[in-house]
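Asks: Here the protein sequences line up with chains B and C, keeping their order. Per the numbering used here, residue 10 is the first one in the first sequence, and the count goes up by one each step. Per the numbering used here, residue 10 is the first one in the second sequence, and the count goes up by one each step. Heads up, the beta-carbon is just placed ideally off N, CA and C, and yes, glycines get one too.
Number of protein chains: 2
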Amino acid sequence: MTMSNTGGRRRPPTIHDVAREAGVSRGTVSRVLNGGHYVSPAAQEAVNAAIRKTGYVVNRHARSLITGRSDSIGFLLTEPQEKFFEDPNFNVLLRGCTQALAAHDIPLLLMLAGTKDERRRITRYITAGHVDGVLLVSSHSGDPVAEELREAGVPLVACGKPIGLGSKVSYVAADDRDGARDMVRHLLSVGRRRIGVVTGPLDTPGGVERLAGYKEVLTEAGIEIDDRLIVSGDYSRASGEAGAERLLAQAPDVDAVFVASDLMAQGVLTALERSGRRVPQDVAVGGFDDSPAALSARPELTTIRQPWDRISAEMVRVLLAQIGGEDPAAVILPTELVRRESA
Amino acid sequence: MTMSNTGGRRRPPTIHDVAREAGVSRGTVSRVLNGGHYVSPAAQEAVNAAIRKTGYVVNRHARSLITGRSDSIGFLLTEPQEKFFEDPNFNVLLRGCTQALAAHDIPLLLMLAGTKDERRRITRYITAGHVDGVLLVSSHSGDPVAEELREAGVPLVACGKPIGLGSKVSYVAADDRDGARDMVRHLLSVGRRRIGVVTGPLDTPGGVERLAGYKEVLTEAGIEIDDRLIVSGDYSRASGEAGAERLLAQAPDVDAVFVASDLMAQGVLTALERSGRRVPQDVAVGGFDDSPAALSARPELTTIRQPWDRISAEMVRVLLAQIGGEDPAAVILPTELVRRESA
DNA sequence: CATGCTTCTGTGAGCGTTCACAGTAGAGAA
DNA sequence: TTCTCTACTGTGAACGCTCACAGAAGCATG
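(1) Establish whether the CB of residue 248(C) and some CB of chain B are separated by less than 9 Å.
(2) So, is the C-beta of residue 319(C) closer than 9 Å to a C-beta in chain B?
(3) Which of the three DSSP states, helix, strand or coil, is assigned to residue 345(C)?
(4) With H, G and I counted as helix, E and B as strand and the rest as coil, what does DSSP make of residue 207(B)?
(5) Using the rule of at least 16 other Cβ atoms within 10 Å of the residue's Cβ for burial, across every protein chain shown, is residue 10(C) buried or exposed?
(6) Considering just the uninterrupted stretch of the alpha helix (DSSP H) at residue 327(C), what are its terminal residues?
(7) Is there at least one Cβ from chain C nearer than 9 Å to residue 16(B)'s Cβ?
(8) Name, going along the chain, the residues of the stretch 142 to 164 of chain C whose beta-carbon falls closer than 9 Å to a beta-carbon of chain B.
(9) Could you check whether the stretch 65 to 79 of chain B touches the stretch 129 to 143 of chain B, counting it as contact only if at least three pairs of C-beta atoms, one from each stretch, sit closer than 8 Å?
(10) If you drop the 5 nearest sequence neighbours on each side, which residues of the same chain put their C-beta closer than 6 Å to that of residue 24(B)?
(11) Taking beta-carbon pairs under 8 Å, can you tell me which members of the stretch 106 to 127 of chain B lie near chain C?
(12) Count the other C-beta atoms from every protein chain shown that fall within 10 angstroms of the C-beta of residue 290(C), then say buried if there are 16 or more, exposed otherwise.
(13) For the stretch 265 to 307 of chain C, list the alpha helix (DSSP H) runs that are entirely contained and at least 4 residues long, ordered along the chain.
(14) Report yes if the CB atom of residue 278(C) is closer than 9 Å to the CB atom of residue 351(C), and no otherwise.
(15) Pop quiz: residue 297(C) and residue 320(C) are said to be a contact at Cβ under 8 Å. What is the actual Cβ separation, rounded to whole angstroms?
(16) If the cut-off is 7 Å on Cβ atoms, which residues from the stretch 21 to 33 of chain B count as contacting chain C, listed in chain order?
(17) Mapping the DSSP letters down to three states, classify residue 179(C) as helix, strand or coil.
(18) In terms of residues, what are the limits of the alpha helix (DSSP H) holding residue 310(B)?
(19) Can you name, in chain order, every residue of its own chain whose Cβ lies under 8 Å from the Cβ of residue 21(C), other than the five neighbours on each side?
(20) May I ask you to report which of helix, strand or coil DSSP gives residue 14(C)?
(21) Less than 9 Å between CB atoms is the rule here; does residue 348(B) satisfy it with respect to chain C?
(22) May I ask you to list the residues that DSSP assigns as paired with residue 245(C)?
(23) For residue 228(C), which residues of its own chain have a beta-carbon under 8 Å away from its beta-carbon, when the five flanking residues on both sides are left out?
(24) Applying a beta-carbon distance threshold of less than 7 Å, which residues of chain C neighbour residue 66(B)?
(25) Rounded to whole angstroms, what is the Cα-Cα separation between residue 135(C) and residue 225(C)?
(26) Would you report the Cα separation of residue 206(C) and residue 269(C), rounded to the nearest angstrom?
(27) Within 9 Å of any Cβ in chain C, is that where the Cβ of residue 316(B) sits?
(28) So residue 31(B) and residue 71(B) are in contact, right, with Cβ under 8 Å, and what is the actual spacing, rounded?
(29) Can you find the residues in the same chain that come closer than 6 Å, C-beta to C-beta, to residue 318(B), ignoring five residues on each side of it along the sequence?
(30) Kindly provide the ranges of any beta strand (DSSP E) runs that are 3 or more residues long and lie completely inside the stretch 104 to 177 of chain B, ordered along the chain.
(31) Closest Cβ-Cβ distance between residue 338(B) and chain C: below 9 Å?
(32) May I have the straight-line CA-CA distance separating residue 15(C) from residue 185(C), to the nearest angstrom?
(33) How far does the beta strand (DSSP E) with residue 82(C) in it reach, from first residue to last?
(34) If you measure beta-carbon to beta-carbon, which residues of the stretch 248 to 278 of chain B are closer than 8 Å to chain C?
(35) If you follow the alpha helix (DSSP H) that residue 202(C) is part of, which residue opens it and which one closes it?
(36) What do you reckon, are the CB atoms on residue 169(C) and residue 182(C) nearer than 9 Å?
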């Protein structure tokens, strides 16, 4: 007598049990579960009571088998994995998406596509229909996974404008250009004229747009663009430090720096401190993101807030809409200047 | 004629298609899929070829419906949500678990149990059998969700020793006491004698153990425990700053501080700087975790590395074993002193 | 030649849902 | 009355898979 009883989890009640308990048929229970149209109030009530009494929870596998939907979505990260650790923005985004989906009772599957093997596995998983749609985080251009998913017709919403993907891919992004404009205007308003910039990667729309905003405002203000004041980084802390070194070498008279990410700004602060310059007295520093890094920097960073909570909410909204048959959409959200100590 | 064609995803091939293609029956294909026992080499080969040709991927819903397993596991965070953002350790853990599971082709469902509503929803979801097991992150004591899951017999592995749960819950943790011992020994070895400590929350085993290690080493060294040198925090940066203020007021002659987390250590550094003390010349500072925060601190933190990659790998291993019917287990992993600038 | 054992294969049933369809009852119109 | 329409309910089939079972073939043993 070998009964393998692993912890004693007994089989949960089925729709049948509920139907019997309520004195109705499976069909009626199913109708109550899915919106309750064409169900008499009496039956409605009886079924709900039976559900409460039995503790019934729908078996999603059985449902998915017949509907063809999985009622789950994937959160796909194709960034180099290090970024995932270093950049607190991902956390905020991931949390926001998870919660927005939870409100719809949809679980989020975390998918990390670092290696080539993982990419292949994940692509197969998704195209096999195991998720209904994908929230995509991938700033670099020409992402092969995204391209493949798009071709397979998988509903896709990117965070930030994707490159090289057609209009079939929705995206949600902050208004990078406008945010950059706000920051540079602020630096002007506190009396700075030799304003440098550490850009993000210039093969991404975000990097390009933030630089464009910088140039626009300076030009409007009648200040000539000086190439010695422009260096570029890759959003990492180290690249901010290196960028600031270059900037200081090329233009020692710089009196402000607009840095395209808070993490890079931390690096810039380190380099400035090493060069003996005080922030903000000698050089004002403006960041971008309003990530937790902005608060842990010394001095605390004046920065441009990206509305991550709204971004994640919109990503989920747009994705669900697209799964529901609507056309892909692009959503641009406003940013906000957050004034702290560094500028 | 209203054909609702949403993007043209056609139904993927089924096990039937593969069977027909290979000239065998469904049963044989199924056997190949699940280990290949009792299958002739010829059939094996034919089925594999057919799978490649058709691009077949198993329908997990259909499989789960009959096996009763979901072949997916939940990563449950019942911490106050802010920690999730502030503490980079979570990232490392989450990534490690995701990848370890990916190697078994098991998706990870991210579950954030912040509000009471979310907790109820998630508990129902899990106990309904929609995941086979749960990786639990929850440092505070008396977690009601964990308790409920344990009672329902859901396989559970906690990160760090849980409180108030019976021996039915597995856990994986770093050797907190030994790590603390190493750090305090190190502080002694660089000539410090008035060594303070900022503990973690003392209602958690981690907090208690790290304090115990501190006391042990001092006692061994013949140094009397001075209560003025002991203050406690909650692992947050702010509590580290406040703790250091108290410490400096109670014992101005302190020449080293062992801080129970890197994040708190950042706060300690801030307070020390404000008080005019140099690190490490006047006061040496030792952290705990070796989180990314340790590297972004100035000076860079000497700290105790928690082996997060091994912790996540072990959590997954133990959980899968438990799902497979093995008994719950406790795993303690060794830590390592990482010497940098602050001590 | 019968019997047993091992290795392999096909078949029917069933997992818990949803969906399409058929059917019932009651109300109102012809 | 008879017909139609609406509101509601029950039933069988199907979704794609695994599992238990039956059976076939090959080989050794009695």
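Replies: A quick look at the data gives this:
(1) no
(2) no
(3) strand
(4) strand
(5) Note that residue 10(C) has pLDDT 30, beneath the 50 cutoff, so the model's placement of it is unreliable and no number is given.
(6) Annotation: the continuous alpha helix (DSSP H) that includes residue 327(C) extends over 317 to 332.
(7) Bear in mind that a pLDDT of 43 at residue 16(B), under 50, signals an unreliable position, so the number given afterwards is only what the model happens to contain. Interface residue, yes.
(8) 161, 162, 163 and 164
(9) As far as the Cβ criterion goes, the stretch 65 to 79 of chain B touches the stretch 129 to 143 of chain B, which means the pair count is three or higher.
(10) Counting only residues of its own chain and dropping the five nearest sequence neighbours on each side, residue 24(B) has a CB closer than 6 Å to the CB of 35 and 38.
(11) 107, 108, 111, 114, 116, 117, 118, 119, 120, 121, 123 and 127
(12) exposed
(13) 271 to 283 and 301 to 305
(14) yes
(15) 14 Å between Cβ atoms; not a contact.
(16) 21
(17) strand
(18) Note, residue 310(B): premise wrong, no alpha helix (DSSP H); not H, not E.
(19) 64, 65, 66 and 68
(20) The predicted model places residue 14(C) with a pLDDT of 37, which falls under 50 and marks its position as unreliable; any figure quoted below should be read in that light. Here residue 14(C) sits in coil by DSSP.
(21) no
(22) Under DSSP, residue 245(C) shares a beta bridge with no residue.
(23) So the list reads 234, once near-sequence residues are dropped.
(24) 133 and 137
(25) 42 Å
(26) When rounded, the distance between both Cα atoms is 8 Å.
(27) no
(28) That belief does not hold up - the Cβ atoms of residue 31(B) and residue 71(B) are roughly 19 Å apart, past 8 Å.
(29) 105
(30) 117 to 121, 143 to 146 and 165 to 168
(31) Residue 338(B) does not count as touching chain C.
(32) A caution first: residue 15(C) carries a pLDDT of 40, below 50, which makes its placement in the model unreliable, though a value can still be read off. Whole-angstrom Cα-Cα distance: 54 Å.
(33) 82 to 86
(34) 275
(35) Here residue 202(C) belongs to no alpha helix (DSSP H), and DSSP marks it neither H nor E.
(36) yes
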